[in-house]
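Q:
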Amino acid sequence: MDFGEVLEEIAAEAPQQVGRGKVASYIPALAGVSPEKFGMAIHTVDGVTFSVGDAGEPFSIQSISKVFSLMLAMRIVGDDLWSRVGREPSGNAFNSLVQLEYEQGIPRNPFINAGALVVIDALVSVLQEAKICFLEFARGLADDPGVNFDEVVSQSEDTHGHVNRALVNFLKAYGNIRTDIDTVLDAYFHHCSLAMNCAQLAHAFLPLANNGVSISTEDSVLTALQARQVNSLMLTCGLYDAVGEFAYRVGLPAKSGVGGGIVAVVPGEMTIAVWAPELDETGNSVMGTRALELFSQITQRSIF
Ligand code: GLU
374 MDFGEVLEEI
384 AAEAPQQVGR
394 GKVASYIPAL
404 AGVSPEKFGM
414 AIHTVDGVTF
424 SVGDAGEPFS
434 IQSISKVFSL
444 MLAMRIVGDD
454 LWSRVGREPS
464 GNAFNSLVQL
474 EYEQGIPRNP
484 FINAGALVVI
494 DALVSVLQEA
504 KICFLEFARG
514 LADDPGVNFD
524 EVVSQSEDTH
534 GHVNRALVNF
544 LKAYGNIRTD
554 IDTVLDAYFH
564 HCSLAMNCAQ
574 LAHAFLPLAN
584 NGVSISTEDS
594 VLTALQARQV
604 NSLMLTCGLY
614 DAVGEFAYRV
624 GLPAKSGVGG
634 GIVAVVPGEM
644 TIAVWAPELD
654 ETGNSVMGTR
664 ALELFSQITQ
674 RSIF
């Protein structure tokens with residue numbers, strides 16, 4: 374199958390979808406992004422790449438970074454992490470305080486904000502320079518030393534981060550934040566601010582399609598079991614409160630972010646990254662979801 378042609382076919386639908394969602398507006402740095410952007414990239418585990426549209430333009434990966442934070446924590450902290458974070462879909466908004474109260478400070482999963490804050494606290498507990506280690510890890514995954522934080526975005530996240538501040542304080546009150554609150558928040562805002570393009574993201578997710586092994590270095594980033602576990606968590610918790618709908622339409626493990634990016638994994642075969650800034654009411658990219666739905670239908674790729 375010619376995946377380049379598949380991408381062209383999908384991209385042809387992008388203009389029709391513009392106007393069906395809203396670009397994230399909770400920080401000015403995201404509100405200013407053009408709703409017409411559309412990029413998509415495929416990276417096979419054999420090292421072949423395909424791309425279309427704005428696949429080379431960096432955007433704010435936001436919650437997609439929670440996959441990198443989790444991968445790093447699984448490497449460094451191991452299974453102890455799971456005494457502090459659950460593995461169930463939340464069925465709630467990604468930044469819900471309510472659920473955290475009735476579940477006594479144990480976040481449902483590592484991909485909601487509360488869960489990611491605990492994961493980052495676990496990293497900060499063991500790493501001297503957690504923010505730098507995270508950045509180096511992301512650069513290594515993307516095989517690109519040019520990947521960087523966007524300081525304007527992270528500053529803006531900080532200025533408008535009242536709910537995240539509430540979450541981390543709440544977690545601290547339940548004893549589930551063990552280090553300094555401001556250090557955890559600073560690292561969290563920086564993780565969210567990572568700027569990457571579709572081609573870099575597709576490369577960075579490759580170990581999840583390749584039994585945990587990097588195709589650049591041939592090192593094990595994760596064990597094969599851990600890679601399957603991360604994929605399972607993405608399938609059940611990776612699309613905010615729309616995981617069921619996404620699994621129905623696309624059938625692939627994936628993670629979205631409010632910058633309009635979604636990265637999906639076809640285990641054993643390839644990764645697909647897509648970017649289209651307009652979001653639906655659940656916070657997922659409208660055209661990103663549609664693009665992956667078209668991809669799975671045209672190519673017959675699904676884990677089911
Ligand atoms: N920076 C966002 C927040 O913490 C993350 C949003 C997202 O992509 O889910 O609210």
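In this note's numbering, the protein residues as written are 374 to 677.
We put the beta carbon where it would ideally sit given N, CA and C, even for glycine.
Small disclaimer: the values here were computed from a predicted structure and weren't measured.
Please report the Cβ distance between residue 449 and residue 574, rounded to the nearest whole angstrom; I am assuming they are in contact, meaning their Cβ atoms lie under 8 Å.
A: Here the question's residue 449 lines up with position 76 in the sequence shown. Here the question's residue 574 lines up with position 201 in the sequence shown. Residue 449 to residue 574, Cβ: 22 Å. No contact.
Q: What do you reckon, is the C-beta of residue 471 under 6 Å from a heavy atom of the ligand GLU?
A: Position 98 of the sequence shown, counted from the first residue, corresponds to residue 471. No - the ligand GLU has no heavy atom lying nearer than 6 Å to the Cβ of residue 471.
Q: For residue 659, which of helix, strand or coil comes out of DSSP?
A: Residue 659 sits at position 286 when you count from the first residue of the sequence shown. The answer is helix: DSSP assigns residue 659 an H, G or I state.
Q: Measuring alpha carbon to alpha carbon, tell me which of 657, 645, 650, 654 ends up nearest residue 675.
A: Taking the sequence shown and counting its residues from 1, the one referred to as residue 675 is at position 302. The option with the nearest alpha carbon to residue 675 is 645.
Q: Return the CA-CA distance between residue 539 and residue 457, expressed in angstroms with no decimal places.
A: Along the sequence shown, one-based indexing puts residue 539 at 166. Along the sequence shown, one-based indexing puts residue 457 at 84. The alpha-carbon atoms of residue 539 and residue 457 are separated by roughly 18 Å.
Q: Out of curiosity, what's the CA-to-CA distance linking residue 548 and residue 478?
A: The residue labelled residue 548 in the question sits at position 175 within the sequence shown. The residue labelled residue 478 in the question sits at position 105 within the sequence shown. Cα-Cα distance, rounded: 8 Å.
Q: Quick one: using the 10 Å Cβ neighbour count with 16 as the cut-off for buried, is residue 393 buried or exposed?
A: For the purposes of this step, residue 393 is taken as residue 20 along the sequence shown, with counting starting at 1. Exposed: under 16 other Cβ atoms inside 10 Å.
Q: Terminal residues of the continuous beta strand (DSSP E) containing residue 423?
A: Along the sequence shown, read from residue 1 onward, the residue named residue 423 stands at position 50. Per DSSP, residue 423 belongs to the beta strand (DSSP E) from 422-426.
Q: Going by beta-carbon coordinates alone, are residue 649 and residue 630 separated by less than 7 Å?
A: The count along the sequence shown starts at 1 and reaches residue 649 at position 276. The count along the sequence shown starts at 1 and reaches residue 630 at position 257. No, these two residues do not count as a Cβ contact at 7 Å.
Q: At which residue ranges does the region 530-584 contain complete alpha helix (DSSP H) runs of 4 or more residues, listed in the order of the chain?
A: With a minimum length of 4 residues, the continuous alpha helix (DSSP H) runs that stay inside the region 530-584 are 535-546, 554-566, 571-577, 579-582.
Q: Near residue 486, what residues of its chain come up, given a Cβ to Cβ distance below 7 Å and the 5 sequence neighbours on each side ignored?
A: Mapped onto the sequence shown, residue 486 falls at position 113. Excluding residues within five positions, the ones whose Cβ falls inside 7 Å are 467, 468, 537, 540.
Q: In this structure, how does DSSP classify residue 587 when only helix, strand and coil are distinguished?
A: What you label residue 587 is simply residue 214 of the sequence shown in a count that begins at 1. Coil, per DSSP.
Q: What are the partner residues of residue 628, as DSSP defines its beta bridges?
A: Translated into the one-based positions of the sequence shown, residue 628 becomes position 255. DSSP, once it has assigned bridges, lists 636 as partnering residue 628.
Q: Using only the heavy atoms of the ligand GLU, determine whether one of them is closer than 6 Å to the beta carbon of residue 435.
A: Walking along the sequence shown from the start, residue 435 turns up at place 62. Residue 435 Cβ: within cutoff of the ligand GLU.
Q: Classify residue 500 as helix, strand or coil using the three-state DSSP reduction.
A: Along the sequence shown, read from residue 1 onward, the residue named residue 500 stands at position 127. Three-state result, residue 500: coil.
Q: Considering just the uninterrupted stretch of the alpha helix (DSSP H) at residue 451, what are its terminal residues?
A: Position 78 of the sequence shown holds residue 451. Segment: none, residue 451 is in no alpha helix (DSSP H) and carries neither H nor E.
Q: To which residues does DSSP link residue 412 through a beta bridge?
A: Position 39 of the sequence shown, counted from the first residue, corresponds to residue 412. Per DSSP, 426, 648.
Q: Whose C-beta lies closer than 8 Å to the C-beta of residue 658 among residues of the same chain, with five residues either side of it excluded?
A: Taking the sequence shown and counting its residues from 1, the one referred to as residue 658 is at position 285. Here the set comprises 394, 629, 633, 634, 635, 647, 648, 649, 650, 651, 652.
Q: Classify residue 523: buried if its beta carbon has 16 or more other beta carbons within 10 angstroms, exposed otherwise.
A: As a working note, residue 523 is residue 150 in the sequence shown. So residue 523 counts as buried.
Q: Tell me whether residue 630, by its Cβ, gets closer than 6 Å to a heavy atom of the ligand GLU.
A: As a first step, residue 630 is located in the sequence shown; it is residue number 257 there, counting from the start. Within the cutoff, so yes.
Q: Taking residue 484 as the reference, give the member of 378, 601, 459, 500 with the closest Cα.
A: Numbered from its first residue, the sequence shown carries residue 484 at position 111. Among 378, 601, 459, 500, the Cα nearest to that of residue 484 belongs to 459.
Q: Give the DSSP-derived three-state secondary structure of residue 669 in the structure shown.
A: Taking the first residue of the sequence shown as 1, we reach residue 669 at position 296. Reduced to three states, the DSSP call for residue 669 is helix.
Q: Just confirm the distance between the C-beta atoms of residue 615 and residue 655, as a whole number of angstroms; I'd bet it's less than 8 Å.
A: Counting from one through the sequence shown, the residue named residue 615 turns up at place 242. Counting from one through the sequence shown, the residue named residue 655 turns up at place 282. Confirmed, about 4 Å.
Q: Tell me whether residue 467 counts as near the ligand GLU, meaning its Cβ is closer than 6 Å to at least one heavy atom of that ligand.
A: Within the sequence shown, residue 467 is the residue found at index 94, counting from 1. Indeed, a heavy atom of the ligand GLU lies less than 6 Å from the Cβ.
Q: Roughly how far, in whole angstroms, is the beta-carbon of residue 482 from the beta-carbon of residue 606, given that I think they are within contact range, below 8 Å?
A: In the sequence shown, the residue the question calls residue 482 occupies position 109. In the sequence shown, the residue the question calls residue 606 occupies position 233. Residue 482 to residue 606, Cβ: 7 Å. Contact.
Q: Considering only their Cβ atoms, is the gap separating residue 381 from residue 570 smaller than 7 Å?
A: The residue labelled residue 570 in the question sits at position 197 within the sequence shown. The residue labelled residue 381 in the question sits at position 8 within the sequence shown. Not closer than 7 Å, so no.
Q: Less than 7 Å separating the beta-carbons of residue 603 and residue 669?
A: Here residue 603 is taken as the residue at index 230 of the sequence shown, counted from 1. Here residue 669 is taken as the residue at index 296 of the sequence shown, counted from 1. No.
Q: Span of the alpha helix (DSSP H) holding residue 470?
A: In the sequence shown, residue 470 corresponds to position 97, counting from 1. That residue, residue 470, is in no alpha helix (DSSP H); it is neither H nor E in DSSP.
Q: How would you label residue 530, buried or exposed, when you count the other beta carbons within 10 angstroms and need 16 or more for buried?
A: Numbered from its first residue, the sequence shown carries residue 530 at position 157. By the 10 Å Cβ count, residue 530 comes out buried.
Q: Should residue 510 and residue 445 be called a contact, given that it needs their Cβ atoms to be closer than 7 Å?
A: Counting from one through the sequence shown, the residue named residue 510 turns up at place 137. Counting from one through the sequence shown, the residue named residue 445 turns up at place 72. Cβ atoms of residue 510 and residue 445: closer than 7 Å.
Q: Bridge partners of residue 374, per DSSP?
A: The residue labelled residue 374 in the question sits at position 1 within the sequence shown. None; residue 374 has no bridge partner.
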